[in-house]
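A short worksheet on the structure shown next.
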Amino acid sequence: MRPIELKVKGLNSFIEEQTVDFTKLTERGLFGIFGPTGSGKSTILDGITLALYGQVSRKSSNYININCNSLNVSFKFQISGAYGKTYVVSREFKRDNKTGNPRTSRAKIIDTTNGLDDVLADKVQKVTEKCEEIIGLGIDDFTRTVVLPQGKFSEFLKLEGRNRREMLERLFNLKKYGDELSIKLSKSIKEEKIKSNLLTGELKGYEDVSSEKLNLKNEELELAKKQLDYKVREFRDIEKTYKSSEEIWNLQLELESYKEREEILNYRANEIEEDKVKLKFGESALKVNPYLVCYENTLNESCEIKKQKEKLEIDFREIKLEKENSERQLLQITEKKDKEIPELKLREQKIKDAMEEKDKLDILEKEIGDISYKVETLREQYKKENNKLGIVSESIKNTDTSIKKLEEEFESLKLDDEFKSKIQEGLLISEKYNLFEKNIAINKKKLDNLNNDKEKLNLDISNLKKLYSEKYELLNESKENLEQLIKNSPGKQEDLLDFQKRLTDCNEKWSDFNQYSEEIKKSKLLIGEYQELLKLENEKTDTLSEKILLLKEKYRDYEIENLSLKIRKNLEQGESCPVCGSTEHKINFKDDVACDIDDEKINELNDKISENEKRLKKLENEITIYNTKINAEEERIKEKNLQIKALGEEFKKLEPKNIQEEFNNLKNSINNYESKKEFLEKELEKLKEENYKLENHINEISTVLKEKENQINLITEELNFSIKDFSELKEKLDDIKEETKVTNFHEKNKEIIEIEKNRNKVSIKIKELRNDFENLIKEKDILQDNLKLIMEKGTDARTSLNEKIKNREEKINIIKDKLKNEFNKVEEFKNIDKEKLIYLLNEIKEKINFVEEKFKSFNEIKDKIYLKYEKCNEEYISLVTRENELIKRCKVEKEKLSEILKEEKFKSIEELKENIISQSEIERLKEKIEKYKEELSKIKGAIESSLKKLNGREITKERWESIQNNIEEKKNEVENLTEIKIKLEEEYKFLNNKLKELKELLTKKERIDHKLALLDDLDKLFKGKKFVEFVAITQLKYISLEASKKLREITNGNYGLEVDENGKFIIRDYKNGGAERDPSTLSGGETFLASLSLALALSSQIQLKGTAPLELFFLDEGFGTLDDNLLEVVMNSLERLHNEKLKIGIISHVEAIKNRVPVKLILTPAECGRGGSKVRLEKS
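Numbering (the UniProt record's numbering), first residue to last: 1 to 1180.
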């Protein structure tokens, strides 16, 4: 990474924006940043880290300048490579209103490589992540690589023991291999122990699980299966008897139910016979009934027709009379209609015409009234407008007079312009005079205050310098005490470590010796126990083997005897014996019984042999196990003896208690030494800090004092100028007073202003009156135009009125002519209005309507009566014809009915009616009779079928109940045995699964125990940070090679740097034949060069983490203690060290270094009232 430009504003002592151009600053390879303490040299580095990572390396949270509310920083840099890329990262920070701490308000990183602003990120966290990605380093690694504080590395060269190890851990970031790794390891051990404890707890739940118990459970299951098979066979045999008996029992019950049903059907036989007779007569009546219904319907219809005919004859006579009357009335009304209607129509038309003319007359009357009103209105309007014209003419005359008076007054108030300008000039000079007089008094007072402050500050500086001298003496005294304490050091941490190592080694060997001895003792006891148990098991095995031999011999005897009995049993007379060849055999019943008994004994004997063989096998397994255990324990004793031998005999000569006592004494001495040293170092650091604060305070007061002196000079100079200007103003003011004869310009100016105000008021009034005058002239012209227009409108209205009156008379004459026959008197005609005409017209219309309606009504009545007459005549003819037809049909149907009654053997119509039943009833009777026959037939067939099925078989109720109870008992036995078998199967399956789980848990336990053993070994390995020390020393060897190379380069091959096997630095002095030297023997300049080489090598190592090489680093401090000769050596080395890819920056306030550096960045500290720190570039 190559820096290009840095811009900062509001950071620490920087208030205004300052720009650092690194391109110019680093162009010669070596550059310096110079300035007094507090000028902001380190702030340049803070600006870079703040831009890249959003925080400063010193972890401060109070870096916004107190005079600023915000901080802005922008950093432009380049990443080198085949294709170089340029980036600009900028951030803005604002002070939080609540906490006062800085808060990032804006952040952005831009890629400007191709001249285009490509925004890569614009969120705070994303910008930081992007910078880390581009550079490849976090803030800690970046600051350790870029800023190399020389004092730290010279200290590192000489450090020993614990402090050196801690510094190595920090430098190489090895914390993750020390405490962090130990914590992770402890956590893993704890987790694995928890798992082991959990597994142990789980294994306790499997104490009742074993292969033997599984085998026993399997044997129980097999026995239960055999018992179940036997009981199932028994159940099936009984089930056959049950099914046969059930069939007979069901057939018996069925036969009994059939016989009961047959008896019920025989009981209903008489009822069925009656239904048959009823059905026969009903069917005959159903055949005759249609003829009877037809005859009765014809007879009834004939009677009805006769009644209708008689009623219709009466109605016909009445209708005929009505018809004659209606024809006569219609003739009368027709004659009246033809005479009156034409006359009424003519009168109607005349009245309508008169009404139209009346409407026109009413409109004309209204128009005449409107025009008359208009004429009168115009007359009144003319009078008003004429009066207004007179008033306006008078106002014009008065306004003109007022304007002339005001113009005269305006001229009288006019002042001389030259006089006014003189008064204004005098006023300005008098105000300046007063202001100068006031400022002179204020500056004199300020000058007195500043002189007093100056005296106080001089006194403060004198007191502080005295206090600083006292503190400096105390500081030297503390340094001497610390040096004396270091000389009298009781020992080093390495000595303590050696003691600790010896003590630990001795304790471990005694512990191992005791442990191995105890284990050998335990193993011997176990061997004795196992041998006793083995002896017992061997005795048991011998006894059991003999027993099995005896049982097997007995089994063979029984088998031979049993075989011979079976042969004898199967022999027949005349057949030859396969054993002896005889054809005569003596066999009796007792031999058969003996054969059966022998079979049972053989089976029992065979079972005993199997059981004893199993026990023998088990005992043999146990013997093998005991032998294996004894061998294992013997091997263990051998192993432990070898381990005890490996411990040696030396440790037995040492007493851990004595070593522990020596160790404790040394430890206490070193701890006391360390605590005293720490106390003195703290006291020394505290005194340094107090001196530093005093020095800063003196510098601050000196700065304030200098500022006060500058202010005194400025105010004195300003006061002299003010007195001079004051004298000149007084002369000018006196001249103007003489010229104008005015002594008080303020009062005179007020008078002029008042006169000007009055003159302006008069001017405004003149302007207003002139506007009024013009408006009145305009109003007069408008009124004259209005009068002319009113006169024209009045003439037109009177002409129109005369024409309308003439037209009205003509209309009245027309209406009179139309209505002369309707009104006899002139008064009646004069009083007529439109309502009367409407009433008259309605009256005529009503008369016309009455005549027409009456004619229409009589005509409709006549038509209705005629239609009624025709209809009645037609109905009568139809009834007469229908009556004749029905008389004929009634006669024929009566004859047919008599014939069918005889055929169906009915004596009379009454008998027929008694036997009539409905068709549904007939169907019901038929179905009932048929169903009875069918059911009777089925019952008889069923009885016959049941008797055939029984075939003489019979079973009693007691026998059937006995069979039922027997099969139920067997069924329950089978079910119980099935449940037992299922339960045993589940138990066997459960035990089998548990056994598998047990094996898995044991496997897991073995793995965890193995892992715990490994973790314990690792825990021992990492105790005392041995691994951290090993990694650090390994890293240090690589760095020492690079550091040696750098040291030889900058010392022209005079010195080299190496690391011994304990990680301690050794200086190789090639001037003296490559002699080894301790770093503490080096001079100040040599120490500085060695430290610089070591720092550069470490920087290169840390940079390997990054993705881009850092092409610069800063040397901060380390130059103030060098004399001129050493400084010359250091500067020559640095000048040789820089190159194109490595730019070196020196941060210092030493003047001699400043003169040697080719390019310098000079920082001027902030000054009160003149802004913050400033930067400028200088070249030699």
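Ideal Cβ positions, reconstructed from N, Cα and C, are used throughout, including at glycine.
Nearest C-alpha to valine 880 among Gly205, Lys306, Lys280, Ser372: Lys306.
The DSSP assignment places no complete run of the alpha helix (DSSP H) inside the segment 286-354 (cut-off: 4 residues). Closest by C-alpha distance to isoleucine 1146, out of Arg317, Ile33, Glu944, is Ile33.
Inclusion of alanine 107 and lysine 123 in the CB contact set at 8 Å is warranted, their separation being smaller than that value. The distance from the Cβ of glycine 10 to that of asparagine 65 is about 5 Å, consistent with a contact at the 8 Å cut-off. In terms of Cα proximity to glycine 1172, the closest of Glu747, Asn67, Glu634 is Asn67. Non-local C-beta neighbours of leucine 729 in its own chain, meaning closer than 7 Å and more than five positions away in sequence, comprise Ile429, Lys432, Tyr433, Phe436, ordered along the chain. Nearest neighbour of phenylalanine 31 by Cα position, chosen from Lys276, Leu1161, Glu1167, turns out to be Leu1161.
Secondary structure note for alanine 1166: it is in no beta strand (DSSP E), with a DSSP letter that is neither H nor E.
For lysine 9, the secondary structure class from DSSP, reduced to helix, strand or coil, is strand. Checking the DSSP bridge columns, you'll see glycine 32 partnered with Ile1146, Lys1160.
Judged by DSSP secondary structure, leucine 413 falls outside any alpha helix (DSSP H); it is assigned neither H nor E. In the displayed model, arginine 882 falls within a helix according to three-state DSSP. Taking C-alpha positions only, glutamate 357 is separated from glutamate 810 by approximately 10 Å.
Between the alpha carbons of glutamine 227 and glutamate 633 lies a gap of roughly 49 Å. In the three-state scheme derived from DSSP, where H, G and I count as helix and E and B as strand, glycine 1056 is classed as strand.
With 16 or more other Cβ atoms inside 10 Å of its own Cβ, glutamate 1086 counts as buried. Annotation for phenylalanine 1065: Leu157, Leu1057, Val1059, Pro1079 place their beta carbon closer than 7 Å to its own, counting only its chain and skipping 5 residues before and after. Excluding sequence positions up to five before and after leucine 719, its CB lies within less than 6 Å of the CB of Asn443, all in the same chain and listed in chain order. Proximity to glycine 282 across Arg1007, Ser920, Thr956 peaks at Ser920, based on C-alpha coordinates. The alpha-carbon of serine 610 is positioned some 17 Å away from that of lysine 217.
Per DSSP, the beta bridge partners of alanine 121 are Ile109.
Asparagine 749 and aspartate 448 have their alpha carbons spaced roughly 39 Å apart. Under the 10 Å beta carbon count, glycine 35 is surrounded by 16 or more other beta carbons and is classified as buried. CA-to-CA, the gap between methionine 791 and tyrosine 373 works out to about 15 Å. For the 8 Å CB-CB criterion, valine 146 and phenylalanine 1088 do not form a contact. Within the model, the alpha-carbon separation for isoleucine 701 versus leucine 1098 is close to 42 Å.
Taking leucine 450 as reference, the option from Gly47, Leu705, Glu674 with the minimal CA-CA separation is Leu705.
Considering only Asn976, Lys999, Asn458, the residue with the shortest C-alpha distance to lysine 708 is Asn458. Segment contact: the segment 851-866 against the segment 314-324, three or more CB-CB distances shorter than 8 Å; contact assigned. Taking C-beta separations shorter than 7 Å and ignoring five residues to either side along the sequence, the partners of glutamate 202 in its chain run Leu1001, following chain order. Rounded to the nearest whole angstrom, the C-alpha separation of isoleucine 838 and lysine 345 is 15 Å. In terms of Cα proximity to isoleucine 520, the closest of Glu483, Trp510, Lys640 is Lys640. When DSSP states are grouped into helix, strand and coil, threonine 104 belongs to the strand group. Minimum Cα-Cα distance from asparagine 488 among the listed residues Thr399, Ser669, Lys339 corresponds to Ser669. Annotation for arginine 233: the continuous alpha helix (DSSP H) segment containing it runs 211-267.
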